[in-house]
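Input: a single structure, listed below in structure tokens.
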Amino acid sequence: MQLLSAFAIFFIIWWTVLFTVLPFGVRSQVESKDTVLGTERGAPSDSRIKFKLMITTLIAIIIFAAFYYLSIVRGFGIDDLPQFVPNFADK
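The opening residue of the sequence shown carries number -5 in this note's numbering; numbering runs sequentially from there.
Next comes the structure, spelled out in structure tokens:
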């Protein structure tokens, strides 16, 4: 696998994981009773973005390592998946 391809795959995995991690542990300003004047009441009171970026990177590394192991080391590819949809063109 080329370095640029590996980086692109890792970036896609990282970005996808980021959007799954972002909503975890979010408390709105109303829930924490700490509303800042001039902001939306539903805005997060503390986003903890550095923590979420570290967790995202850790999860993305684990997923990328599994992908690399399955695709490069074991040689598992998309063609190895069974065909679930019948092919009616042969009949």
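Cβ coordinates follow ideal geometry from the N, Cα and C atoms, glycine included.
Secondary structure of residue i, DSSP reduced to three states
{"i": "residue 22", "result": "strand"}
{"i": "residue 47", "result": "helix"}
{"i": "residue 61", "result": "helix"}
{"i": "residue 70", "result": "coil"}
{"i": "residue 52", "result": "helix"}
Range of the contiguous alpha helix (DSSP H) that encloses residue i
{"i": "residue 39", "result": "Unbroken run through residue 39: none, as it is neither H nor E."}
{"i": "residue 15", "result": "-3 to 15"}
Residue burial classification, residue i (beta-carbon count within 10 angstroms, cutoff 16)
{"i": "residue 67", "result": "exposed"}
{"i": "residue 33", "result": "exposed"}
{"i": "residue 54", "result": "buried"}
{"i": "residue 11", "result": "buried"}
Straight-line Cα distance separating residue j from residue i
{"i": "residue -3", "j": "residue 3", "result": "10 Å"}
{"i": "residue 52", "j": "residue 75", "result": "28 Å"}
{"i": "residue 89", "j": "residue 31", "result": "Any property of residue 89 remains undetermined from this structure, which presents the chain solely from -5 to 85."}
{"i": "residue 0", "j": "residue 9", "result": "14 Å"}
{"i": "residue 79", "j": "residue 65", "result": "23 Å"}
{"i": "residue 57", "j": "residue 72", "result": "17 Å"}
Do three or more CB pairs link the region 1 to 20 to the region 46 to 66 at distances below 8 Å?
yes
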